[in-house]
Amino acid sequence: MRTPGLRSPFAPLIALALIAPACTGDDTGTASASSTGTDSDGTSSTSSASTSGGTTSGTTSAGSMTETGGATTSAGTETGTSGSTSDTTGDTTGGEPVCGDGVVDPGEECDDGNAEDGDSCTNACTAAVCGDGVLQVGVEECDDGNADNTDECTNTCTAAACGDGFLQMGEACDDGVGNTDNGVCTLACQFNVCGDGAVYNTGDGTEECDDGMENGPGKSCNEMCVLNVCGDGDKGPGEACDDGNLEAGDGCSPGCELEECGNKVVDPGEECDDGANGDQDDGCTDLCAPPMCGDGYIQESLMEECDLEGKNSNTGECTLSCKNAVCGDGYILENVEQCDDGANNANNNACKLDCTLNYCGDGFQGPGEACDDGNDSNEDSCTNVCKLATCGDGFKQPGEECDLGANNSNNGECTLACKLPVCGDGFVQMGEECDDGNQSNGDACLNSCKVAACGDGFIHVGVEECDDANMVNTDTCTNTCKAAKCGDGFIQPSNGEQCDDANMVNTDACTNSCKAAVCGDGIVYAGVEQCDDGNMLDTDMCVAGCKTAKCGDGFLYMGVEQCDDGNLQNGDGCTAQCVKEAVVKTFNCTKAVQNFVVPAGVTSIVVEAWGAQGGTPSNNYGGICGGNPDVGGRGGYAKGTLAVSPGQNLAIYVGCAGGQGNSPGWNGGGNSCSQTTTCSGGGGASDVRKGGTGLANRVIVAGGGGGAEYSCGGKGGGVGGGLNGGNGTGGDNASSEGKGGTQNAGGAGGFFNVFPQFPGQPGQLGIGGAAAAGGLHSGSGGGGYYGGGGGAPDGNGGGGSSYLGGVTNGSTLAGVQPGNGKVVLNY
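Each residue of the sequence shown is one higher than the one before, counting from 118 in the working numbering.
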C-alpha cells in the first residue's frame, strides 16, 4: 500500500535507477522522462522530466554521491543536489515506489520529490489546480475550494475585488471593466448618486456637476447636481445678486449685478445719484435722495443738531425736528426727565426747573402743599405730608407724646390731647380697671388703676380690717381681710393656734383656746375620752389614753390594785381582781431559743437553771461493765434574782443532753468522734439572756456535764458546775481526762502520750472542747459559762462552769441534773 506524501530514504538511488514511464490522468498535463547512462568507463548519464508546470533535468556522474537537478515552473526555477550511488546503469533495484521520491510512478500525476504542498505538485502527487483548496504559491492569490464567485475568493483563485465583475459583500454593483465614475456603477462599486462627488452624465445620467459635500445653495453646484447660473434664484459664486429672473430695474440686473444707489445712474425709486460721494449736504445724500430731517445725516443747511434716522422721537435724545432733547423744550425725555412743561417749568409748579415732578419733601412748596421743609420728619412744624403740624394730624410733633390722628381717644392708646395713656390721668384705658385721677391706694381705685379688692395688699379704708396681699387664712389676716382671731374658723399658727372650729365648745376636737384636744389637757373630749385629769400619770384613776382606771388595763392603780398584768386571768401572778399571786414558768429542752416577755407589774424574777447531762457510749450498757459503767457527767444548778422591767424580753436557752458518737448537747456541748459505741458528746448549758442574744448578754448560766468514753468503774464525764466545772474521772488513762471550765477560761483538753497526735481540745467561752479525733475512745466537754475540755483517747470530757454575774442572791450546785436541762422563772 503506497502512502501519498511519504518520502523514502532511498529516493535518490531510485531516481538514478528508474526511468518512469509516461502516464496520463484526469487532470490536464503530460509527463515524460528519459535517462542516459554510461558504462564503467566514467561517462555521464543524463535524465530529464517535463510537466505542465515546468521542466526538470539532472546529471549523475559515475562513482559520485552528487545529483544535480532543476525544475522550472511559472514561479521560477528550483535546483537541488542529492547523493547518488556508484550504479550508473539506470536500473532500479529493491523497494516499493512512493509519492515524494521524485519519480512519477504509475497512478501519480506528478512527483516533485518535496513536501511543499503549495507548488505545482501537491503532497498527494496530483497536479495543483484552482479549486483544490490548496494555495499554489506564486500562482494563486487564494483557493477556498469552492465555485462561489460572491465570496472572498473567485473561481479563478484570485482575491475578490471591486471591478472583478462579481458582486461581493459591501458592493452595491460591479460591472467589471464597465465600472466608471461617469456611469451607473462607480469605480468604488457603488451606484452613482448626486452628492457622491462623481458626475453621472453618461447613459441615463443627468448630472451637470457633483462637488460632493460642497453641493448646496450658494455653491457652484447645487443640491440637485445642477450648475448654479444667473437667474435661477440662487446667488452663486461670482454673483452679486440673483432674484430668479433676467429682468432689469428690479434691483438685480440680468447679469446678476446689483442695481443700487451710488452707480451715478438714477435708477427707478431714486431721486438723485451723485455716486455716493460721502457729502450728505450737497443736495444728494448717499441714499440718492435730497437732504431731509430723518435721513440719518446731520445737515447744517437744515439747521439740524442731530439725526438718528428712524430713531428720532420727541421722547428720545433727538426730537422729530432733529433738535437735541433739553429740559424746557416741552418734550419729556424718556428715562431722563419726569416732566417737561416747557416755559411753565418752575420750582413751585407741578414740573420744576430741572424737569422733575414737584413732590412733598423736596423743599419747594408745590401745588396742594401747605408747607414743605424738605425733610421726612413728622415731629417738626411741617409734616412729611406737607401739612402744618397739629394734634390729631397723625404725626407726633414737639410737645406731643403721641398722635394717632383720627384714632386718638381718651380711652385708647393716645388721648385727644396727644398724651400717652397713664394710670392716674382720669381716663380708663386698656389694661386699667379704673382710673380716679389720684394717687391714693386707700380708696376704691388703687394707684395701679386696679379696683381695690381683698388680697391686693392695700387696706380699703372703712371696708377692710387688714390686707396682707395673700390668700392665706392661716396668718394674721384672713382671706376676707379680717384680723385673725380664735374662733374665726381658720388656724393661724403665728397666733399659737393648733385648730379653729369656729365655735366656743370646749369638749370637742378643738378647745376654746384653739388648741387641739389631747389626752392630758384637763378637758374631757366628749365621745373620745372617758376622763382627763390633766396629767400623764397611769397610777391614778385616769390612766394613759384618758381611760378610767380598771383592773386588767395593765396599769397599777396605786392604793387600789396590788397588781395589773393587763388581763383578767388567774394563775399568771396576778388574779382577775388584780391581787398578786405566785407564778412559775418552766422551760424545757427544744433545741431552740425561747422568749419570755416580762408581764406588767413584774420588776424582779427568781431564775433557776439546770444544765444538761453529758452523753454515755452504747458499749457501756448491756452488762458489759457488770452494771457499773462510766456515764456522762450530770448538769450543774444555778439560782438568783433577776431585775426586769415590764415588757422586757428574756431569751431562754435550755441545754439538751449529749448523745452517743458525735452528738453534742444543744447550747454548747462539745463534738466527739462518730463511734457511738465508744464516744459521746458533752451536755449543753442552760442560761437566760437579757438585752440581746449574744454570749455577753447571759445573766445566769448552769453548766453542762462532760461526755463519757467507753470504760467501766461507775465514773465518767466531769459534772457541770458550780462556779467551776468538774474534771473527767475514771478513764483508762488519767492524763487523758478533760478538765472543768472556770470563771475565766475553758477547761484544758486531755493528752495521752501514746496518741500525742489526738489531744482533746480545750473548752471555750460558752462551748465545750471537742474530744480526740481519729475515732478513739473519748468524751467531749460540756457547755457552760466556759466549756469543759475534751478528753484524749481513753479520756472523759470535763464539765462546764456555771455563772451568777447578772443576778443577785445567787447560788450554785454541781452535778445535780440528769438528762436534759431546764429553766424555771418564779415571780
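Note that CB positions come from ideal geometry on N, CA and C, so glycine has one too.
Check	Outcome
Whole-angstrom C-beta distance between G866 and G906, which should lie under 8 Å	4 Å
Residue span of the beta strand (DSSP E) that contains N766, given as start and end	N766 to Y770
Top-ranked residue by Cα proximity to G662, from D638, P515, L470 and V719	D638
Expected contact under 8 Å - CB spacing of Q822 and G835 to nearest Å	Here the sequence assigns Gly to residue 822, which means Gln is not the residue at that position. Yes, they are in contact, since the Cβ atoms of G822 and G835 sit about 7 Å apart, within 8 Å.
CB contact flag (V818, A755, <9 Å)	yes
Distance CB(G901)-CB(G842) smaller than 9 Å	yes
With 16 other Cβ atoms within 10 Å as the buried cut-off, status of E184	In this prediction, E184 has a pLDDT of 32, which is less than 50 and means its spatial position is unreliable; what the coordinates show is noted afterwards. By the neighbour-count rule (16 or more Cβ atoms within 10 Å), E184 is buried.
First through last residue of the beta strand (DSSP E) which encompasses L930	T925 to Q934
Counted within 10 angstroms of its Cβ, other Cβ atoms place V940 as buried (16 or more) or exposed	buried
Reduced DSSP secondary structure (H/G/I, E/B, other) of G314	coil
Backbone CA spacing between R806 and N937 [nearest angstrom]	19 Å
Cα-Cα separation between T210 and A264, rounded to whole angstroms	Confidence at T210 is low in this model, with a pLDDT of 43, below 50, so the placement of that residue should be treated as unreliable; the coordinate-derived value is given next. Using only the alpha carbons, I get a separation of about 45 Å.
Cα-Cα separation, F283 to D292	8 Å
Through-space distance from A357 to K336, alpha-carbon basis	13 Å
Assigned exposure category for Q556 - 16 Cβ within 10 Å defines buried	exposed
Proximity below 9 Å, CB of G329 to CB of D351	no
DSSP bridge partner residues for P746 (one or two, in chain order)	C829
E426 in three-state terms, based on DSSP	helix
N- and C-terminal bounds of the beta strand (DSSP E) containing N943	K939 to N943
Identity of the residues DSSP links to Q881 by a beta bridge	I884
For S852, the nearest candidate out of P910, G353 and G863 (CA to CA)	P910
Residue span of the beta strand (DSSP E) that contains I817, given as start and end	R815 to A819
Inter-stretch contact at 8 Å, needing at least 3 Cβ pairs: the stretch 766-775 / the stretch 700-715	yes
E678 versus Q694: straight-line alpha-carbon distance, rounded	8 Å
Counterpart residues of G912 in DSSP-defined beta bridges	S895
Chain-order list of residues whose beta-carbon lies under 6 Å from that of K567 (same chain, five-residue window excluded)	E550
Pick from W783, S895 and I415 that is closest to Q397, judged by C-alpha positions	I415
Rounded separation between A726 and D804 - CA only	7 Å
Y754, enclosing beta strand (DSSP E) - first and last residue	G752 to A760
7 Å CB neighbourhood of G235 in its chain, flanking five on each side removed	V251, L252, Q253 and V254
The stretch 874-883 touching the stretch 921-935, judged by at least three CB pairs closer than 8 Å	no
Within 9 Å, strictly: CB atoms of V761 and S797	no
G845 and G914 closer than 9 Å at C-beta	yes
Nearest-angstrom Cα separation, counted from G395 out to C439	20 Å
C-beta atoms of S780 and E826 nearer than 9 Å	no
Nearest-angstrom Cα separation, counted from G230 out to T173	Summary for T173: the model assigns pLDDT 34, below 50, so the residue's position carries little reliability, and this model does not support an answer.
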